[in-house]
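Novice: Sending over a structure as structure tokens; questions will come in a sec.
Numbering (this note's numbering), first residue to last: -9 to 215.
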């Protein structure tokens, strides 16, 4: 009888321990998403750290294996950081586009989009630029690019700019800007970078819709620190 009671008590203790373990495990699993979100790093279009509260989140895309694409804390035109892009492969004809689709909350009533950026090159001839494409279904409403090298962008094949690149001073920040006008509400606005070869740095991207700057954008990207 005594042995039976001991076994019952052991079973009760084991059950309680297992129940506590299950509750604890469930609690930990609930905390994991919050912990992961807390560890994510978000940046604004000046590539400075920000939070994601009340922000429209962007998702950068690019189409190359072995491409370095991260926020660089060793160089900037203003603030602490810039965006560093480097092509490790030299046989990529036409370069590589990096881009994001602007959230649709900004499309209604869009008639002009003004974009400015600062770019730093390693060589005297520019090898990179910023571009934008505005479409309504299959109709192109407008496009522009700061790069003047007649390079087709694979995401939007019809974008290409002709002309000779204006020489720049290596390792100095150069300002660029353009405006695109459209007479219809678009359903797709793509903004991106093009890197033809080697490497480049980007900073201080500003987007204005109908003359008003957008200040509530953030994106998640790896950082070098």
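Note that beta-carbon positions come from the ideal geometry of N, C-alpha and C, so glycine has one too.
(1) Whole angstroms is fine: what's the gap from residue 46's alpha carbon to residue 209's?
(2) What is the rounded straight-line gap between the Cα of residue 67 and the Cα of residue 109?
(3) Are there 16 or more other CB atoms within 10 angstroms of the CB of residue 161, so buried, or fewer, so exposed?
(4) Extract the residue ranges of the beta strand (DSSP E) inside the stretch 128 to 166, only unbroken runs of 3 or more that lie entirely within it.
(5) Reducing DSSP to helix, strand and coil, say where residue 61 ends up.
(6) Which residue or residues does DSSP assign as beta-bridge partners of residue 72?
(7) Taking three-plus beta-carbon pairs below 8 Å as touching, is the stretch 89 to 99 in contact with the stretch 132 to 140?
(8) Which same chain residues, not among the five before or five after residue 182, have their C-beta less than 6 Å away from its C-beta?
(9) Indicate the three-state DSSP secondary structure (helix, strand or coil) for residue 97 in the structure shown.
(10) Using alpha carbons as the reference points, say which of 42, 118, 113 and 189 lies closest to residue 166.
(11) Which residues in the same chain as residue 207 place their Cβ atom closer than 7 Å to its Cβ, once the five residues preceding and following it in sequence are excluded?
(12) Check residue 212 in the structure and name its three-state DSSP category.
(13) Please report the straight-line C-alpha distance between residue 201 and residue 76, rounded to a whole angstrom.
Specialist: Per the coordinate set shown:
(1) 8 Å
(2) 9 Å
(3) So residue 161 counts as exposed.
(4) 129 to 135
(5) strand
(6) 62
(7) no
(8) Cβ neighbours of residue 182 within its own chain (closer than 6 Å, five residues either side excluded): 87, 88, 89 and 121.
(9) In the three-state reduction of the DSSP assignment, residue 97 falls in the coil class.
(10) 118
(11) 34, 35, 45, 46 and 48
(12) Shown here, residue 212 sits in coil according to DSSP, grouped into three states, outside any helix or strand.
(13) 32 Å
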